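S.K.: When you line the sequence shown up against UniProt numbering, it's residues 92 to 687, in that order. Even for Gly, the Cβ is constructed at its ideal location relative to N, Cα and C. Nothing here was measured: the structure is a model prediction, and the numbers come from that model.
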Amino acid sequence: KEQHGGRGGDLRFTPVRPNKDDKLTIPENYRSSVVVRWGDPVLPDAPAFDFDNQSAEAQSKQFGYNCDYVTMFPMGRDRALLWVNHEYTDESLMFRDYPGGAEATEEQIRIGLAGHGGSVVEIEREGRAGEWKLVTKGRRRYNRRITAETPMKFSGPAAGSDLLRTDADPEGRKPVGMLNNCAGGTTPWGTVLTAEENFDQYFVNGDKVPAKQRPYVERYTIAEGTPEISRRFDRVDERFDLAKHPQECNRFGWIVEIDPFDPDSTPVKRTALGRFKHEAANTTLARDGRLVVYMGDDSRFEYIYKFVSKDRYRQGADRHNRDLLDEGTLYVAKFTGDSPEKEIDGSGKLPEDGEFDGSGEWIPLVSGDRSYVQGMTAEEVLVYTRVAADKVGATKMDRPEDIERNLVTGGVYVALTNNSDRTAAQADEANPRAANKHGHVLEIIERRDDAGARSFAWSVPLVCGDPDDANTYFAGYDKKKVSPISCPDNVTFDRDGNLWISTDGNALGTNDGLFVMPVRGRERGHLRQFLTVPVGAETCGPMVTKDQRSVFVAVQHPGEIDGAGPDNPGSRWPDGDQPRPSVAVVWHRKGLKIGS
Ligand code: FEO
Ligand code: CA
Ligand code: CA
Ligand code: CA
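This is the structure:
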């Protein structure tokens, strides 16, 4: 490991101040541009975007809505493929006078189906500094749209399980589409892992499934009846009606693997990685070469997981590597504080030794067809993973969002975005704050720095909020010199090992943004804001390119504020017209390293 990494030595930019401006605000001496917008043509035969005449056919060939996870696959120095998740659609911003799911036209509902999924687009570098642009001419042979209707397949130990069978797929092997793909990761063999998160919101009649299935439908919070929801996919495709097809919901909530370099490939739902409201799936290698995938389940009081493959990754052995995600062990995390806790006036607990830290273990849940959970078969553990984790006494966390290993320092970082429901009595050292409005960041150091380990040490370097608030903590750094931060969501690292954090839902009343924080040395905890996004948007993606000259962010749901709509847009970003979720790139005007 790089001994000097993660210390923030080259971070010299002047932080951006919190604001409510309807624009992408970046530091002095930086430039930004929009790479790709909702509705931009992805397939070469896609029509140009027309807000007032959108069709499902057009949307299925154009860049989808609400961009989230962003990653890049280089094709030489100045060309690359960009992968982007499209988490969800917001029909009230996409259509004029949208009447709600029950009254929507079938075409509007189909546009929603086509606006989900993901996109592969070719991009090219513009000039030398760090700007990238969408390739808009030529064959663009890799460009691809994945939607809620793309044929997929299951692999791994639960593929073909009774629990995954439906009338349309009696073998339980061919799911259709992916939904609510939030964060993700990449594999060492150059594919994308994309995480299906809040899939529950697409189904109706959760109360009309067989009695035996009811507790599981409830554990995944699928609504009863046909509530007043904004999307009613069941009105154009009956598989979303659980009264008719009760097990269709079991076919969502997975990690999906997609090969961006093979546009004809079938996306694969990897069942060995379990089923929950998946946020991320970041990979690293154990000391012995086994592949490790870190994952979060982003709901209040849910868990942190990791998967460790049975076999080792072998560089260049593509056929061998591509089966690694089908066989291995799924673990869930348990955190134990290392000191007695004392109550702090109803707002949570403070450890008596002054630090939030302790030890932890990875509790095995399932390995192939072997279940480690009493009363559950291996297939049940994989399909109803939340229930399995409940039974083994895993630690209930404050909404685990992104989790990723810092490849420079070896630490693993988890964004715990918030949890307004935690009471003072429920506060523990790993989730120390009651009514946790602003979230925190947790650091895991695996035993012997081995990602394959069964135990770890942990600490909480960042308790978010306004630094003037006594309740916040910035790893002991001088709080007068840090930026306020609220609701950490996605994390990533630059090649120097600094931690970058993007936010969603800033409860301090200003716009969301992107921050950077050194994780070692004297600068540990010196959090600085690098950019802010327009009104109503969350900041997703973040990706610092390997050459460190560009940082990409997905600006998700600009204009999504109460009462906003096309006649009264909450944002006019990026074009001064209707807001369009877009991926932007930021670079230093002289081509210097990001953060300089
Ligand atoms: Fe889709 Fe957990 O953010
Ligand atoms: Ca997220
Ligand atoms: Ca990440
Ligand atoms: Ca979020």
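Use the C-beta contact count for D580: other C-beta atoms within 10 angstroms, 16 or more gives buried, fewer gives exposed.
M.R.: With 16 or more other Cβ atoms within 10 Å, it is buried.
S.K.: Go through its chain and collect everything with a Cβ distance to D291's Cβ below 6 Å, but skip five positions before and after it.
M.R.: Cβ neighbours of D291 beyond the five flanking positions: Y311, T312, I313.
S.K.: According to DSSP, which residues form a beta bridge with Q647?
M.R.: DSSP, once it has assigned bridges, lists E629 as partnering Q647.
S.K.: From this set, Y293, A372, D143, which residue's C-alpha is nearest R323's C-alpha?
M.R.: R323 has its Cα closest to that of Y293, out of Y293, A372, D143.
S.K.: Cutting at 8 Å between CB atoms, please list the residues of its own chain near G281, excluding the five before and the five after it.
M.R.: Closer than 8 Å at Cβ, skipping near neighbours: F164, D350, P351, F352.
S.K.: So if DSSP puts Y385 in a beta bridge, which residue, or which two residues, is it bridged to?
M.R.: Looking at the DSSP assignment, Y385 forms a beta bridge with N373, K397.
S.K.: Do you know offhand how far G99's Cα is from N110's?
M.R.: Their Cα atoms are separated by approximately 25 Å.
S.K.: Listed in chain order, which residues are found with a beta carbon closer than 7 Å to a heavy atom of ligand 2?
M.R.: Any residue whose Cβ sits closer than 7 Å to a heavy atom of ligand 2 makes the list: D159, C273, A274, E370, D389, E492, D493, D580, N581, D595, C631.
S.K.: With 16 as the cutoff for other CB atoms within 10 Å, does N144 come out buried or exposed?
M.R.: So N144 counts as exposed.
S.K.: Under 7 Å from any heavy atom of ligand 1, does the C-beta of E287 make it?
M.R.: False, no ligand heavy atom lies under 7 Å from that Cβ.
S.K.: Am I right that W591 and R640 are in contact with their C-beta atoms under 8 Å? What's the rounded C-beta distance?
M.R.: Their Cβ separation, rounded to whole angstroms, is 15 Å, which puts W591 and R640 out of contact at 8 Å.
S.K.: So is the beta-carbon of P393 under 7 Å away from any non-hydrogen atom of ligand 1?
M.R.: Here the sequence assigns Glu to residue 393, which means Pro is not the residue at that position. Because no heavy atom of ligand 1 lies under 7 Å away, the Cβ of E393 does not count as near it: no.
S.K.: Is E178 near ligand 1 - that is, is its Cβ less than 7 Å away from at least one heavy atom of it?
M.R.: Under cutoff, so the answer is yes.
S.K.: Would G276 pass as a contact of A371 if the rule is Cβ separation under 8 Å?
M.R.: For G276 and A371, yes; Cβs fall inside 8 Å.
S.K.: I believe Y160 touches T285 by the beta-carbon criterion, under 8 Å. Please report the beta-carbon distance rounded to the nearest angstrom.
M.R.: Correct: roughly 6 Å between the Cβ atoms.
S.K.: Taking the CB atoms as reference points, tell me whether Q153 and D181 lie closer together than 8 Å.
M.R.: Result no, Cβ atoms of Q153 and D181 do not sit closer than 8 Å.
S.K.: Let me check understanding here. Comparing Cα to Cα, which of G661, L255, L376, V464 lies closest to T362?
M.R.: For the residues G661, L255, L376, V464, the minimum Cα distance to T362 belongs to L255.
S.K.: Beta-carbon separation of P558 and P575 under 8 Å?
M.R.: It is a contact, given that the beta carbons lie within the stated cut-off.
S.K.: Under 8 Å Cβ to Cβ from T241, same chain only, skipping five residues before and after it: list those, please.
M.R.: Same-chain partners within the cutoff: G208, V267, G268, M269, P358.
S.K.: Comparing alpha-carbon positions, which option in D444, F447, Y475 lies nearest V457?
M.R.: Considering only alpha carbons, the answer is Y475.
S.K.: On the three-state DSSP scale, how would you describe V554?
M.R.: Three-state result, V554: strand.
S.K.: So the candidates are F343, E418, L364; which of them puts its Cα closest to the Cα of A239?
M.R.: Cα-wise, what sits closest to A239 is F343.
S.K.: Which residues in the same chain as A259 place their Cβ atom closer than 7 Å to its Cβ, once the five residues preceding and following it in sequence are excluded?
M.R.: Here the set comprises R330.
S.K.: Using CA atoms only, rank isn't needed, just tell me which of D355, Y189, C631, A302 is closest to R211.
M.R.: Residue 211 is actually Val in this sequence, not Arg. Of the candidates D355, Y189, C631, A302, the one whose C-alpha sits nearest the C-alpha of V211 is D355.
S.K.: What did DSSP end up calling M185 once you bin it into helix, strand or coil?
M.R.: Here M185 sits in helix by DSSP.
S.K.: What do you get for S511, buried or exposed, if any count of 16 or more other CB atoms within 10 angstroms of its CB means buried?
M.R.: Exposed, because fewer than 16 other Cβ atoms sit within 10 Å of the Cβ of S511.
S.K.: The beta strand (DSSP E) that contains Q150, what's its start and end?
M.R.: Element bounds for Q150: not the beta strand (DSSP E) but the alpha helix (DSSP H), 147 to 150.
S.K.: Using the Cα positions of A518 and K335, report the straight-line distance between them to the nearest angstrom.
M.R.: Roughly 42 Å between the two C-alpha positions.
S.K.: Considering just the uninterrupted stretch of the beta strand (DSSP E) at E495, what are its terminal residues?
M.R.: Taken as a continuous stretch (DSSP letters only), the beta strand (DSSP E) holding E495 covers 491 to 496.
S.K.: Taking the straight line between their C-alpha atoms, what separation do you get for G650 and M185?
M.R.: If I take the Cα positions, the gap works out to 11 Å.
S.K.: Output the boundary residues of the alpha helix (DSSP H) element that contains H411.
M.R.: Counting along the chain, the alpha helix (DSSP H) containing H411 begins and ends at 409 to 412.
S.K.: Could you check which residue in F392, A542, P306 has the C-alpha nearest to that of R403?
M.R.: Nearest C-alpha to R403: A542.
S.K.: Report yes if the CB atom of S390 is closer than 8 Å to the CB atom of R490, and no otherwise.
M.R.: Yes, they are a contact pair.
S.K.: Rounding to the nearest angstrom, what Cα-Cα distance links T278 and G97 in this structure?
M.R.: Each residue's alpha carbon lies about 23 Å from the other.
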